[in-house]
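Residue numbers (this note's numbering): 4 to 88.
Yeah, the Cβ is synthetic: ideal placement off N, Cα and C, and Gly gets one too.
A quick note: this is a predicted structure, and the numbers were derived from the prediction, not measured.
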Amino acid sequence: MGNVCDDPIGRLLEEDGREILDGMPPDGWCAITYKDGCLAFVTAIDTDVPEVRERLRRSMDRWLSDPDNPVPLDVLRIRADLVYT
């Protein structure tokens with residue numbers, strides 16, 4: 004964990020005290036962050052459209068089901084966050 008981001012969303016997430024997980028996030032997501040037991044999938048895509056929200060949920064589920072992805076052991080909850088810069 005702990006990539007330093009030079010992009011606006013990465014800086015915003017780090018200013019919020021989130022750790023950015025190493026590796027590539029799944030399709031449609033900018034980053035996966037971790038803070039205080041919460042694993043958050045972060046996107047800048049408008050999730051008010053049901054088809055888009057479903058596509059993002061499926062890509063998040065696929066990522067979580069892959070045992071090779073770096074999920075912290077002490078995750079208490081998982082959420083999806085929409086971020087605008």
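Of the candidates 86, 33, 80, 48, 80 places its Cα closest to the Cα of residue 39. The Cβ-Cβ distance between residue 61 and residue 83 does not fall below 9 Å. Scanning the stretch 31-85 from its first residue to its last, the whole alpha helix (DSSP H) runs of 4-plus residues come out as 53-68. Annotation: the continuous alpha helix (DSSP H) that includes residue 13 extends over 11-18.
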